[in-house]
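Asker: Below you'll find the structure I mean.
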């Protein structure tokens with residue numbers, strides 16, 4: 013009965029979505045307040061229906077209702093409860109319900125908290141948002157229903173993919189989906205603005221919070237997924253330029269450009285048309301990522317669907333959504349008149365350069381990801397585009413971007429003083445040079461690119477501190493006064509500082525992990541050792557252990573540094589009962605500057621095992637940098653100015669005047 017309720021709730025949500033897509037749009041065209049007012053309550057009802065359906069799905073997994081096909085195929089009675097719940101979105105059908113739920117959440121939030129939006133803009137934005145929801149609800153009901161029954165029901169299920177039975181993957185997909193889907197709200201506002209033919213500073217202020225929410229969740233999802241791949245897959249890497257990884261990275265790059273471009277619209281009433289285009293492209297890339305993962309064109313641990321019907325449906329949806337929005341843009345964008353003019357050397361100019369570099373980087377990733385698929389689809393042969401291509405094309409674009417990040421915030425709006433900015437950045441130049449010298453000395457004889465990468469990261473970190481110090485008058489006023497100024501800074505300024513500083517840490521971590529790591533693979537028996545860097549790993553024992561739904565061999569390594577015992581690492585090689593799949597569980601030790609990483613592999617003859625050992629300098633900075641970037645987004649989001657789109661008009665006073673509410 014629960015499954016049928018969930019299925020009915022989806023049908024009801026589809027009907028509500030259709031009403032919300034049509035009635036408010038017509039009402040806005042006719043300037044009918046009653047019809048426009050339908051949008052907000054309809055968005056709440058749609059959310060309630062989808063939430064009820066998702067709750068029914070989670071409940072079916074939690075109680076192991078194997079009469080539901082989806083549960084039988086993706087769960088097992090031996091799974092821990094947390095993985096039973098996670099299995100609800102660890103499959104194609106359930107993940108699509110989660111996708112639509114997040115769409116409905118964003119729509120309902122605008123419906124409930126968008127009281128200060130112009131009625132026509134609100135109605136049109138919620139209508140566009142509902143069109144997206146209607147399309148995906150139709151997709152679920154026609155091709156991907158999660159509530160199909162199985163008769164007779166099996167005694168037990170086939171288990172969730174063992175690679176997904178991990179806390180990292182429990183959190184990674186929801187965060188990633190909030191990021192993916194969150195950009196739909198910016199897209200909806202962009203389409204609504206094109207229909208109205210009006211983009212102004214108030215519009216940018218309404219769009220920025222939704223873009224920021226999507227950006228910070230997508231950032232968190234990408235970082236968490238990278239961390240999961242790092243410790244779970246046992247290969248010692250954190251990013252492989254996998255096409256599905258790229259599918260999330262492309263909207264992040266363009267979404268970052270959108271976030272910065274919206275600032276120019278808000279502050280200077282410029283780059284209107286460009287910002288609208290970025291909003292369209294960002295969500296379009298999210299849809300393309302959905303197509304890649306669910307069309308069956310890719311084989312990956314991330315990819316769910318292999319049914320061509322689903323791929324064709326999403327492809328048609330993608331063509332309609334992207335083609336229609338770009339056609340509307342081509343028609344209406346020329347009418348969006350730009351506002352303030354600015355010199356090339358200015359804060360606006362720096363943000364334009366930032367945008368160009370980010371979108372160029374996204375285009376590079378797009379070509380490298382899609383071109384092999386296009387060649388294969390046209391039966392022109394098979395080609396492989398991997399890390400060498402992306403490292404050779406993407407990294408050079410990032411270097412000028414990092415340099416621009418240091419200069420941009422120091423330039424004034426409209427017309428900046430480049431010479432003055434260079435003078436203020438003397439400390440940053442010195443810091444970058446020192447970082448290069450120290451890194452070169454410590455890694456003499458190894459790749460020079462590592463030292464250069466650390467120098468660029470040091471430059472950016474110092475430039476961020478210089479900019480922040482300038483804001484609070486550090487060195488010009490007393491320390492107490494500087495601290496008072498820091499406390500009084502807008503939270504968005506704090507957020508920008510944290511995010512840019514975190515990016516510097518991320519660059520340093522990526523450099524060290526990619527260029528300076530040491531690794532060793534050796535066949536060991538108990539009592540034998542392998543040395544790497546200044547560390548000695550001794551295999552002390554290999555024991556059989558039992559998990560809730562797997563059996564494992566656990567190797568225990570004693571790690572010594574310069575002869576002194578440092579720690580013990582206990583990696584595992586697991587075999588899951590139901591699917592017979594083997595996975596590795598790496599063991600990690602981190603001191604905040606570097607990681608020691610051990611993997612126990614297959615037996616190599618009687619009493620011997622293959623061991624993989626890694627020394628990975630600076631990789632903890634990669635995760636710390638990602639966390640700082642997310643924290644910066646959260647802090648910025650708490651800035652009240654990002655939650656207020658425009659003054660709210662109060663009723664007329666007895667004297668016949670109206671007074672706007674303050675925007676702070």
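Numbering (the working numbering), first residue to last: 13 to 676. Even glycine gets a Cβ: it sits at the ideal position worked out from N, Cα and C. In this text, all values refer to a predicted model and were calculated from it rather than measured experimentally.
Between residue 106 and residue 485, what straight-line distance do the alpha-carbon atoms span, to the nearest angstrom?
Answerer: The residue given as residue 106 occupies position 94 in the chain shown. The residue given as residue 485 occupies position 473 in the chain shown. So the two alpha carbons sit approximately 53 Å from each other.
Asker: Would residue 621 and residue 536 qualify as a contact pair, given that the criterion is a beta-carbon distance under 8 Å?
Answerer: Sequence index remark: in the chain shown, residue 621 carries index 609 (1-based). Sequence index remark: in the chain shown, residue 536 carries index 524 (1-based). At a Cβ-Cβ threshold of 8 Å, residue 621 and residue 536 count as neighbours.
Asker: Would residue 115 and residue 152 be called neighbours here (beta carbons separated by less than 8 Å)?
Answerer: Translated into positions along the chain shown, residue 115 becomes position 103. Translated into positions along the chain shown, residue 152 becomes position 140. No. Outside cutoff.
Asker: What residues are listed by DSSP as bridge partners for residue 615?
Answerer: Counting from one through the chain shown, the residue named residue 615 turns up at place 603. According to DSSP, residue 615 bridges with 621.
Asker: So, is residue 431 buried or exposed, given that buried needs 16 or more other C-beta atoms within 10 angstroms?
Answerer: Locating residue 431 in the chain shown gives position 419, where the first residue counts as 1. Classification of residue 431: exposed, given that the 10 Å Cβ count is below 16.
Asker: Which value, in whole angstroms, describes the spacing of the CA atoms of residue 28 and residue 324?
Answerer: Residue 28 sits at position 16 when you count from the first residue of the chain shown. Residue 324 sits at position 312 when you count from the first residue of the chain shown. If you take the alpha carbons of residue 28 and residue 324, they lie about 25 Å apart.
Asker: Just confirm the distance between the C-beta atoms of residue 344 and residue 209, as a whole number of angstroms; I'd bet it's less than 8 Å.
Answerer: As a first step, residue 344 must be located in the chain shown, where it is residue number 332. As a first step, residue 209 must be located in the chain shown, where it is residue number 197. Indeed they touch by this definition, with Cβ atoms about 6 Å apart.
Asker: Could you compute how far the alpha carbon of residue 682 sits from the alpha carbon of residue 600?
Answerer: No answer is possible for residue 682: it lies beyond the span of the chain, which begins at 13 and ends at 676.
Asker: So, are the CB atoms of residue 272 and residue 367 less than 8 Å apart?
Answerer: Working through the chain shown from its first residue, we reach residue 272 at position 260. Working through the chain shown from its first residue, we reach residue 367 at position 355. Going by C-beta atoms, residue 272 is nearer than 8 Å to residue 367.
Asker: Do the segment 400–420 and the segment 367–377 touch if we need at least three Cβ pairs shorter than 8 Å?
Answerer: With a cut-off of 8 Å, the segment 367–377 and the segment 400–420 count as touching, because enough Cβ pairs lie within range.
Asker: In the structure shown, what three-state DSSP assignment does residue 151 receive?
Answerer: In the chain shown, the residue the question calls residue 151 occupies position 139. Looking at residue 151 - three-state DSSP - the assignment turns out to be helix.
Asker: Rounded C-beta distance between residue 609 and residue 573? I'm assuming under 8 Å.
Answerer: For this step, residue 609 is matched to residue 597 along the chain shown. For this step, residue 573 is matched to residue 561 along the chain shown. Not a contact, Cβ separation roughly 15 Å.
Asker: Ordered along the chain, which non-local residues of its own chain (more than five positions away) have a Cβ less than 7 Å from that of residue 418?
Answerer: Here residue 418 refers to the residue found at position 406 of the chain shown. Excluding residues within five positions, the ones whose Cβ falls inside 7 Å are 437, 440, 471, 472 and 475.
Asker: Which partner residues does residue 553 have in the DSSP bridge list?
Answerer: As a working note, residue 553 is residue 541 in the chain shown. Answer by DSSP bridge pairing, in chain order: 568.
Asker: Could you pull the start and end residues of the alpha helix (DSSP H) that residue 100 belongs to?
Answerer: For the purposes of this step, residue 100 is taken as residue 88 along the chain shown, with counting starting at 1. Careful: residue 100 lies outside any alpha helix (DSSP H) and carries neither H nor E.
Asker: Excluding the 5 residues preceding and the 5 following residue 395 in the sequence, name in chain order all residues of the same chain whose CB lies nearer than 7 Å to its CB.
Answerer: Mapped onto the chain shown, residue 395 falls at position 383. Scanning its chain for C-beta atoms nearer than 7 Å, with the 5 sequence neighbours on each side dropped, one finds around residue 395 the residues 384 and 387, in chain order.
Asker: Since residue 297 and residue 262 should fall inside the 8 Å C-beta cutoff, what is the C-beta to C-beta distance between them, to a whole number of angstroms?
Answerer: Along the chain shown, one-based indexing puts residue 297 at 285. Along the chain shown, one-based indexing puts residue 262 at 250. So it is a contact: roughly 5 Å between Cβ atoms.
Asker: Taking contact to mean at least 3 C-beta pairs separated by less than 8 Å, is the segment 522–530 in contact with the segment 627–646?
Answerer: yes
Asker: How would you write the range of the beta strand (DSSP E) that residue 585 sits in, first residue to last?
Answerer: Taking the first residue of the chain shown as 1, we reach residue 585 at position 573. Segment 584–588, the beta strand (DSSP E) holding residue 585.
Asker: Count the other CB atoms, across all protein chains shown, that sit within 10 Å of the CB of residue 446; report buried if there are 16 or more and exposed otherwise.
Answerer: Counted from its first residue, the chain shown places residue 446 at position 434. Classification for residue 446: exposed.
Asker: Does the beta-carbon distance from residue 488 to residue 423 come in below 8 Å?
Answerer: As a position in the chain shown, residue 488 is number 476, starting the count at 1. As a position in the chain shown, residue 423 is number 411, starting the count at 1. Not closer than 8 Å, so no.
Asker: Pair every Cβ in the segment 121–130 with every Cβ in the segment 168–184, then say whether three or more of these pairs are closer than 8 Å.
Answerer: no
Asker: From residue 564 to residue 95, what does the alpha carbon distance come to, in whole angstroms?
Answerer: Here residue 564 refers to the residue found at position 552 when the chain shown is read from its first residue. Here residue 95 refers to the residue found at position 83 when the chain shown is read from its first residue. Taking the straight line joining both Cα atoms gives about 18 Å.
Asker: In angstroms, rounded to a whole number, what distance separates the CA positions of residue 337 and residue 300?
Answerer: By 1-based counting over the chain shown, the position of residue 337 is 325. By 1-based counting over the chain shown, the position of residue 300 is 288. Roughly 14 Å between the two C-alpha positions.
Asker: Apply the 10 Å Cβ neighbour rule to residue 284 and answer buried if 16 or more other Cβ atoms are within range, or exposed otherwise.
Answerer: Here residue 284 refers to the residue found at position 272 of the chain shown. By the neighbour-count rule (16 or more Cβ atoms within 10 Å), residue 284 is buried.
Asker: If you compare alpha carbons, which of 493, 490 and 483 is closest to residue 503?
Answerer: Indexing the chain shown from 1 puts residue 503 at position 491. Residue 483 is the option with its Cα nearest to residue 503.
Asker: With residue 530 as the anchor, note down where its beta strand (DSSP E) starts and where it stops.
Answerer: Sequence index remark: in the chain shown, residue 530 carries index 518 (1-based). Segment 530–537, the beta strand (DSSP E) holding residue 530.
Asker: Look up residue 591 in the DSSP assignment and give the residues it is bridged to.
Answerer: Locating residue 591 in the chain shown gives position 579, counting from the first residue. DSSP output for residue 591 lists no bridge partner at all.
Asker: Between the C-alpha atoms of residue 264 and residue 256, what's the straight-line distance to the nearest angstrom?
Answerer: By 1-based counting over the chain shown, the position of residue 264 is 252. By 1-based counting over the chain shown, the position of residue 256 is 244. Distance between the alpha carbons of residue 264 and residue 256 is about 13 Å.
Asker: What residue range is occupied by the uninterrupted beta strand (DSSP E) comprising residue 581?
Answerer: Looking up residue 581 in the chain shown gives position 569. Start and end: 576–581.
Asker: Excluding sequence positions up to five away, which residues of its chain have a Cβ less than 6 Å from the Cβ of residue 421?
Answerer: Walking along the chain shown from the start, residue 421 turns up at place 409. Excluding residues within five positions, the ones whose Cβ falls inside 6 Å are 479.
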